[in-house]
Amino acid sequence: QGCLEQILTISEELNKVQGNAAESLQAFNTIRVKKEQTQLRLQIYATEAQDDTARTKAATLALWLSHKADAATTSGLTTEAASAINGVAAGMYAKGRVEELLELVAPTKSAANGCLVNGDSGSGSPVSKTGSTIGDTECSLTRKALEATYSDLTILTPQGFGEKPISSTAGKGKQSSTIGCNFLTLTGADFGKTNQQDAANVYYGGGIFSRTKSNGQLAGARLGTLTTEAETDTQTWKDAATGANEIKNLNSAAYDNATLTTDGDSDLKTAVAYIALNKETKAEGETTPQLDQLFSKPLNTAISKFIEEVEAHEITSDAL
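Following the numbering used here, the residues of the sequence shown are numbered contiguously, the last one being 747.
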């Protein structure tokens, strides 16, 4: 059973990457919509406010939020989307590989010491698949509907396996120390009469299983366990984890007002130069003093407070 559970978990966890990507990219659109709505209220407020400073603040922030919304949209549709697509593709490719592996080892369940046995090593009945469960472990062997919340992977990491894909300790959920996993028997002559893997170790399933080479590179020997191996031997799984990590690192927060620094970002200074100084280009020595006059420090707090005042302003129907 220990030869089975971790592999089933890898397959099931790889379902997460597509939902994770969808949620991460949706965050960019959420920011865009929010900024465009606030931008419209600021534009209207800038035409109705009686105070010159308030009008300047509103117009400056409207232009700034317009730039931020455009930047969030561009990033979400280009750089971040490319990372998400790559991450999902790597994950789904790896999921296909691991599920193919499960299908291949299924014939071994006829033996008490096969991979797909439900119970302690050397005993137990052949495992069966019922609905989305194989034996005692959740695994549907299909793509699932997108999950609503983000979930990290646990076994796969960008450095390789975060934990052993097959345990080497005997007992329920573990691998026997004396009985190996039976596998399909393939000889080097089966594919073009050449040795399949002329190396010290023979690998299966993208590197989940390994065995010291023997008997002319026979692929039918009982399989050993793999903890960590050279990058070239586990690249499929490392790529899947790296892609999942790229999705995790998609960062829409860079376009959120809450991340505004004490000195303001370049878009805000450009807006100050254009609105308050009537200049298309900004000079640091001019924009910073003007920005300090408009908003107190910390900037994100002062801007949030002003936007709250704007949102509390009643807009007449003819202003829309």
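We put the CB at the ideal spot given by N, CA and C, even for glycine.
Whole-angstrom distance between residue j and residue i, CA atom to CA atom
i, j, result
"A516", "G670", "8 Å"
"L726", "D497", "21 Å"
"M519", "L568", "12 Å"
"T564", "I434", "10 Å"
"F455", "I471", "25 Å"
"Y682", "G446", "22 Å"
"C566", "E475", "60 Å"
"V525", "E432", "12 Å"
"K462", "K495", "8 Å"
"S502", "I458", "12 Å"
"D478", "D579", "50 Å"
"K556", "L504", "40 Å"
"K732", "Q453", "26 Å"
"L611", "E527", "Because the pLDDT of L611 is 43, which lies under 50, any placement of that residue in the model is unreliable, and the number read from its coordinates should be weighed accordingly. About 13 Å."
"K484", "V460", "21 Å"
"L467", "Y577", "32 Å"
"A772", "T697", "Nothing about residue 772 can be reported from this structure: the residues present for the chain run from 428 to 747 only."
"P716", "L704", "11 Å"
"S493", "D692", "14 Å"
"P585", "E440", "15 Å"
"H382", "A448", "Not covered by the structure: residue 382. The range shown for the chain is 428 to 747."
"T721", "S559", "Here the sequence assigns Leu to residue 721, which means Thr is not the residue at that position. The straight-line gap from Cα to Cα measures roughly 60 Å."
"V444", "T480", "48 Å"
"G523", "K665", "15 Å"
Chain-order list of residues whose beta-carbon lies under 7 Å from that of residue i (same chain, five-residue window excluded)
i, result
"S451", "A511, I674 and L677"
"K706", "A700"
"D617", "Because the pLDDT of D617 is 41, which lies under 50, any placement of that residue in the model is unreliable, and the number read from its coordinates should be weighed accordingly. For D617, where only same-chain residues beyond five positions count, there are no Cβ hits under 7 Å."
"E507", "L452, F455 and L677"
Beta-carbon proximity check, residue i vs residue j, cutoff 8 Å
i, j, result
"S438", "L529", "yes"
"I702", "T487", "yes"
"A489", "A473", "yes"
"T436", "I582", "yes"
"L469", "V699", "no"
"W491", "D694", "yes"
"R570", "N442", "yes"
"A667", "A521", "yes"
Contacting residues, own chain, Cβ-Cβ under 6 Å from residue i (five flanking each side not counted)
i, result
"A657", "Confidence at A657 is low in this model, with a pLDDT of 45, below 50, so the placement of that residue should be treated as unreliable; the coordinate-derived value is given next. Result list for A657: empty, nothing under 6 Å."
"I742", "I471"
"R482", "A473 and A476"
"K620", "Residue placement at K620 cannot be trusted, given a pLDDT of 42 that sits under 50; what the coordinates show is reported in the next sentence. There are no such residues."
"G589", "I582"
"N672", "P585"
Close beta carbons around residue i, own chain, < 8 Å, minus the five adjacent residues each side
i, result
"S723", "A729"
Which residues DSSP lists as bridging residue i, in chain order
i, result
"L504", "Bridge partners of L504: none, in fact."
"I561", "K556 and T564"
Chain D within 8 Å of residue i, Cβ atoms only
i, result
"D563", "Annotation note: the requested chain D is absent from the structure, which comprises a single protein chain."
Does the region 507-519 come close enough to the region 710-722 to have 3 or more Cβ pairs within less than 8 Å? no
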